[in-house]
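Heads up: the protein sequence lines correspond to chains A and V, in order.
Residue numbering for the first sequence follows numbering that gives the first Met the number 0, starting at 0 and increasing by one per position.
Residue numbering for the second sequence follows numbering that gives the first Met the number 0, starting at 0 and increasing by one per position.
For every residue, glycine included, the Cβ atom is placed at its ideal position computed from N, Cα and C.
Structure record follows, encoded as structure tokens.
Protein chains: 2
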Amino acid sequence: MENEAIEKTRGGSILQFAPLQSSIDEGFWHRLSSLKLNQWKTDESAVSITGFFAPCSHSRVSNHLNLLSESLPPESSEHSPSTNTNHSNRNRCVVPGTLYNTNTIEGFRQIDKQQLLKEEAEKIWNDIRDGKIEKDCSLLSRFLLTSYADLKKWRFYYSVAFPALVLDPPATLVNLKPASEYFNPEEAESVSIACNEWRNSTITAGVPFFLVTIASNSHARIRHLNEWKSFRQGSEKVLLGFYDPCHLPNHPGWPLRNFLIFLYSRWNLETIHFFCYRENRGFADMGLSIVGEALISPQEWKDLGHVPKAVGWELDRSKKLTRSINLATSMDPTRLAESAADLNLKLMRWRALPSLDLVQLAKTRCLLLGAGTLGCQVARTLMAWGVRKITLLDNGKVAMSNPLRQSLYTLEDCLNGGQYKAIAAERSLKSIFPAVDAKGVVMAIPMPGHPVSVQEESNVLDDCKKLQELVNAHDVIFLLTDTRESRWLPTLLSSSANKLSLSNEGKGPRLGCYFCNDVVAPIDSTTNRTLDQQCTVTRPGLAPIASALAVELLVGVLHHPLGMHAPAENSGLSERGSSEQPLGIIPHQIRASLSQFSQMTLVGHASNSCTACSSTVILEFQKNGMDFILKAINHPTYLEDLTGLTELQKSANSFDVDWDIEDEIDNDDYVEI
Amino acid sequence: MENEAIEKTRGGSILQFAPLQSSIDEGFWHRLSSLKLNQWKTDESAVSITGFFAPCSHSRVSNHLNLLSESLPPESSEHSPSTNTNHSNRNRCVVPGTLYNTNTIEGFRQIDKQQLLKEEAEKIWNDIRDGKIEKDCSLLSRFLLTSYADLKKWRFYYSVAFPALVLDPPATLVNLKPASEYFNPEEAESVSIACNEWRNSTITAGVPFFLVTIASNSHARIRHLNEWKSFRQGSEKVLLGFYDPCHLPNHPGWPLRNFLIFLYSRWNLETIHFFCYRENRGFADMGLSIVGEALISPQEWKDLGHVPKAVGWELDRSKKLTRSINLATSMDPTRLAESAADLNLKLMRWRALPSLDLVQLAKTRCLLLGAGTLGCQVARTLMAWGVRKITLLDNGKVAMSNPLRQSLYTLEDCLNGGQYKAIAAERSLKSIFPAVDAKGVVMAIPMPGHPVSVQEESNVLDDCKKLQELVNAHDVIFLLTDTRESRWLPTLLSSSANKLSLSNEGKGPRLGCYFCNDVVAPIDSTTNRTLDQQCTVTRPGLAPIASALAVELLVGVLHHPLGMHAPAENSGLSERGSSEQPLGIIPHQIRASLSQFSQMTLVGHASNSCTACSSTVILEFQKNGMDFILKAINHPTYLEDLTGLTELQKSANSFDVDWDIEDEIDNDDYVEI
């Protein structure tokens, strides 16, 4: 390390300082993103942050001011910034800083950098003047960070300043040499030992400014600044030492600037022997450390009593103030996707929906029965809302006519007989968002009115049990199949397990399930359907609307204080009551018409004769389990007899006129949720 | 061919017939699908079809009854079945048939096959009894086809019958030998020549039943059945000939059955010398042809005078009546996808929307400005409606947060900096439906209030011109970008070119465009937006609903008799007027609220001060072209000054209260179309 020629400056040259450089860790930007998204939101207030630095530790490299994730406040809601400022870490001497993170790139550009610098200089100046520096010298070096985080693109724009008060005229350097030359060998040895002690004590390791006193017997000690009074006029030689991040042999580093200001304005020193403390391999290095003598001429501001002007905005290599870093390139795509996924949702919490409960959404387990036109769109909308656990059940394969309406499939899925929809949907969801916990289950739903032979019986019962397990393992069941009878068993199982959206029990009357309005039990409705009836052929715009409404309804219910027990509300723009939830009203049923571009909200109360959710049926199921289900599957009239619908039907024959009206309304153009 | 041992049946054995077999060409099923989808729809009426057969033409293979696409009525609306029954084709002798195509597989299974056979037997019997057969002997062989076409899966279920009236007791065969043995060489030679003449005449080639007369000088002639009276008691030898599709040396083919019935019941023949005419390489083959003598005992039905019973349902190799064929496996995937694509739409015309104009939809050229959340969903819904020409314009790249809401992208599209959205969207649309004419255009839309430097000017003008060309080359322009100012130039260009949905001129007052309600000209609204404003963050269910509504609205307008000049209608379930179109009303604006689950329809009239569609602006644009646009882009107040909005704003300051209300309504939860 002694190889470098050390220019000894003699008499009259201007003292120049090597600027400090910043180095910002990716972790810093990650935490900043997270804080911005989840806590600060649109708040642009200044944030106290912490930089870390250490004395130069290599003969060829200066140390930087490092910003790490710990430089920022913790992400949890408890604000305990003290956990960050770890004074015991000798390589992380604390530098207090201030972050100005703006909401827009325009805001970032318009920041008045001179004004910020001036404000920072004032803080330093005040701390010097009122004696704070003697108590906590780390306040003498400060830094500023202005930034704009483009969270959509993982790009960060920023500028850094190390505010330094300016001596005008500048200090003159009359002597500068390696400490090993400045001291005699005994002194050098003793200074080394003292410095190592200082640096190894958890109490002093992070104290970057200090006194070096050397007794006439060459014995050196390192002392706190507040001991100055005891030594300034004593017999011992006193040097003003600081941790110097700079490695240059002929220039002291940036921290000396404010130190000189302090020494001149607070202690009235005009001749200063400074000691730039540098290390090698963790130990004091007297060859790398330098000692110089600075002469300070009278300063204009001292007479006027105002704050000296300040400099310190860091320039990058191409002399630009604004830097940018793009983290997208260095991130794992899956992880990037994951963090990007929640972006829009988290942004909604800034203003649009501050009460949005993303944790609740993420953990809601959704079972989608049917992976067709509705299933695909519901799954997509759930994912977009941040739901992470999605199970799709379907026993069909992707047919050629499907991809145009079923948004999780492409032509590729139709080839060679077609992939199973459940499997293809799972793969498609993961290709959109790899972190989704999607699972496809290839399985048919046993249906009443579709009798099974004795040989099939055990398979069908296995399916029933499997479906029951699935229903129990999820929080919400979506009925997205294309026949009425396939919705019966899931409705029954959901009602029995008290799952969401099928049978709510609030304070008001119990709300109806899908089957509550029917006076006929579900029977085989498929085999005698013509093609246009089979394909559930409707206007293509209907399914996206219906699916989106279903998911919006679920999100509304999840945010209601009563959850699945939320009472039914009807719409009415004019009468927004005080009971309204942040996401709006929660109707029980929505009936939409595309031909009228209108929507209606309805309430349907539970029927005591319901074939799927009435207590008669639930109790029978809970008593006889699979035997009951098998009976319902094999005997078309069993459910009607059990619930009393058979009786009801007889009396209903006199209401033929009403039935016709019901039929007319219930055409393809309508969708019920 | 003479290698086969020919068993000569002598005296007393029962005459047995080789059943005819059917062979149905794939083309038949393709045309059937098309007819079902486009013309028959739910109509299950019997359809007259035509089978083709020819005499056996190979010593080892029987000929089949062939059903080709020409067997069915032509697909165009003009019904000219005569073009099918080409009598001049010697290999396509016509067999009249009846098709019963059912709407459901259940209907197919429930067809009463015996009843159909009986009905067909009655036709044959009546034709025999009233002399029609003598005039047109092709009526003697008939066939039946019952079918169910599962158009979704390209699977066809079918059964075929060749109704044959039954002799009871059966005929006795007393002699059967090759014609070459039955005839002396001169006779054989002469019969050959006569048959070849008959088969080579366009008049007689397709006449499958005939008389063979042989004079004493061995001279043979083939004659029509109606010449029977002249020859039955003459000196010439008379044989009853028919085109025999069967190749077996010891059995005549199926057509002989009804021929014998005819000969016995109409001509009272009890001893019949029949001639089974067979060919080789297109010429009469006397070695393959056989001659036999059938003896018919008195029949019970002859006395009772009723129709003989009939048999004839064809069994496949595993003795099953119902066969099925799956065309999906043999079809080109792209072609399959194409035909499957329209399936749902064509099915809608059966009942739901008979007036649906798929041709009009297919040719409507749509320009989508923006390939984001709205663009993706609009493109999907357009494709599902059968729109085939879709151009997407966007200058952005797919970002990590996009795939969850933008339904044409996956994580794959985000890697390595991201694909251009326009390109990725084009590829995605084609992967869903390869026949779509999709095109992605990577381009920014020049925007007012975003001034351009002199250097950029020519590029921006190029963009303006390119956009103008695109607008002119499309019928419908969708404004799906996320800033107000990016919608200005397309609105202006569309208004100027009088394109759909932006500026309608009906009989009523002119309808407003996107900018008609605004009293400020579009300016730069992006640079000072915070992240949550930038991302157009809304509830995920909103975009699918808004996009679907936009497309449904377009489809409604396309089906209105006045097209883009359709007047604005508002919804109101109770007041369905007579003016209502099959697809429902056509509102001018739809305002939907997710928090209220409600929709409103509104009408906004055109403003004379509109910065995008008022005559002042259009005239100025048509006069000064790109200069005008450049002025609008570079000078923020130019448009306001030009349209008088500057004046209006001054007076509007007194309406601050109203503005607040407007602001409140226009929050993120609302969508305007």
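Using a Cβ-Cβ cut-off of 7 Å (strictly less than) and excluding sequence neighbours within five positions of residue i, which residues of its own chain qualify?
i: residue 19/A; result: 64, 161, 244, 252 and 253
i: residue 613/V; result: 606, 607 and 642
i: residue 373/V; result: 479, 542, 545 and 546
i: residue 198/V; result: 89 and 204
i: residue 676/A; result: A question about residue 676/A goes unanswered here, because the residues of chain A that appear run from 0 up to 672.
Mind checking who residue i pairs with in its DSSP beta bridge?
i: residue 17/V; result: 252/V
i: residue 307/A; result: Answer is none; residue 307/A lacks a bridge partner.
i: residue 279/V; result: 282/V
i: residue 599/V; result: 590/V
i: residue 157/V; result: 146/V and 322/V
i: residue 12/V; result: 172/V
i: residue 396/V; result: 419/V
i: residue 95/V; result: 49/V
i: residue 60/A; result: 57/A
Should residue i be flagged as near chain V, meaning a C-beta pair shorter than 9 Å?
i: residue 413/A; result: yes
i: residue 327/A; result: yes
i: residue 332/A; result: yes
i: residue 722/A; result: What is shown of chain A runs 0 to 672, which leaves residue 722/A out entirely.
i: residue 427/A; result: yes
Kindly list the residues whose CB is nearer than 8 Å to the CB of residue i, restricted to its own chain and excluding five residues on each side of it in sequence; keep chain order.
i: residue 68/V; result: 24, 26, 27, 29 and 30
i: residue 17/A; result: 61, 245, 247, 250, 251, 252 and 253
i: residue 625/A; result: 460, 463 and 464
Flag residue i as yes if its beta-carbon sits less than 9 Å from any beta-carbon of chain A, otherwise no.
i: residue 432/V; result: yes
i: residue 376/V; result: yes
i: residue 173/V; result: no
i: residue 367/V; result: no
i: residue 98/V; result: no
i: residue 554/V; result: yes
i: residue 402/V; result: yes
i: residue 263/V; result: no
i: residue 410/V; result: yes
i: residue 389/V; result: no
i: residue 221/V; result: no
i: residue 384/V; result: yes
i: residue 110/V; result: no
i: residue 582/V; result: yes
i: residue 26/V; result: no
i: residue 379/V; result: yes
Leaving aside the five residues before and after residue i along the sequence, list all residues of the same chain whose C-beta is less than 6 Å from its C-beta, in chain order.
i: residue 599/V; result: 590
i: residue 284/A; result: 277 and 278
i: residue 473/A; result: 364 and 366
i: residue 330/V; result: none
Where are the beta strand (DSSP E) runs, 3 residues long or more, that stay fully inside the region 320 to 386 of chain V, in chain order? 322 to 325 and 364 to 368
Output, in sequence order along the chain, the residues in the region 341 to 356 of chain A whose CB is closer than 7 Å to any CB in chain V. 342, 343, 346, 347, 349, 350 and 351
Taking any Cβ of chain V, which residues in the region 536 to 550 of chain A have a Cβ under 9 Å from it, in chain order? 536, 537, 538, 539, 540, 541, 542, 543, 544, 546, 547, 548, 549 and 550
So if I threshold CB-CB distances at 7 Å, which residues from the region 150 to 163 of chain V count as touching chain A? 150, 151 and 152
The region 478 to 499 of chain V: which residues have C-beta closer than 9 Å to a C-beta of chain A, in chain order? none
Give me the subset of the region 586 to 601 of chain A whose CB atoms are less than 9 Å from a CB atom of chain V, sorted by chain position. 586, 589, 591, 592, 593, 594, 595, 596, 597, 598, 599 and 600
Please go through the region 16 to 48 of chain V and give each complete beta strand (DSSP E) segment of 3 or more residues, from N-terminal end onward. 21 to 23
Select from the region 305 to 324 of chain V all residues with a C-beta closer than 9 Å to any C-beta belonging to chain A, and list them in chain order. none
In chain order, each beta strand (DSSP E) run of at least 3 residues that lies wholly inside the region 412 to 458 of chain A: 436 to 441
Run through the region 204 to 264 of chain V for me and flag every whole beta strand (DSSP E) of 3 or more residues, listed as ranges in chain order. 208 to 213, 219 to 222 and 236 to 242
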